[in-house]
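Position 2, counted from 1, in the sequence shown is what numbering that gives the first Met the number 0 calls 1; the numbers after and before it change by one each time, with no gaps.
Note that the Cβ used here is the ideal one computed from N, Cα and C, for glycine as well.
Computed from a predicted model, the values in this text were never measured in an experiment.
Okay, so here's the structure we're looking at.
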Amino acid sequence: MIISSDIKVQVQTRYLEDHVSVEEGKFAFAYRVNIANHGKQPTQLLSRYWLITDGNGKTSEVQGDGVVGKQPTIQPGESFTYTSGAVIETPVGSMQGYYELQNADGERVKAAIDIFSLRVPNIVN
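Below, the structure written as structure tokens:
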């Protein structure tokens, strides 16, 4: 499977202080993902893989079909945006991964999701 240079992924995160208990050692974050198709043919998102790492180095993996219950087809020049979330046991962590997609020719490709930070505001300079 090849890595696609036509699919660009951008992620924005925010801390959800009202969603879990810091006293219980849980920190919740939302992440908004934009997946843009800069290629010449429609591409369907088939699956996702995430590697989530907390500030202590503890990792968890999440994989499965589609995103938020969907397997969207993204037309050339268009994008798909969704919001999801993650809970970790430290105020700082990171996520990274990839999407597996299939283009109109039936070719399967991966779109890398670069590492991004999960952090409680003002916790790290």
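Exposure of Gly76, with buried meaning 16 or more beta-carbon neighbours within 10 Å: Result: exposed.
Tell me, which residues are paired with Thr89 by DSSP? BP columns for Thr89 are empty, so no partner.
> Skipping 5 residues on each side, what residues in its chain have a beta carbon closer than 7 Å to that of Lys7?
Replying inline: For Lys7, where only same-chain residues beyond five positions count, the Cβ hits under 7 Å are Ala35 and His37.
DSSP three-state assignment for Glu99, whether helix, strand or coil
The answer is strand: DSSP assigns Glu99 an E or B state.
**Limits of the beta strand (DSSP E) - the one that Gln11 falls within** = From DSSP, the beta strand (DSSP E) with Gln11 extends over Ile6 to Tyr14.
Residue burial classification, Thr58 (beta-carbon count within 10 angstroms, cutoff 16):
Here Thr58 is exposed: its Cβ has fewer than 16 other Cβ atoms, across all protein chains shown, within 10 Å.
query: Taking the alpha-carbon positions, what's the Tyr98 to Arg13 distance?
result: Rounded to the nearest angstrom, the gap between the Cα atoms of Tyr98 and Arg13 is 21 Å.
Mapping DSSP to helix, strand and coil, what is Glu60? Here DSSP, grouped into helix, strand and coil, assigns Glu60 to strand.
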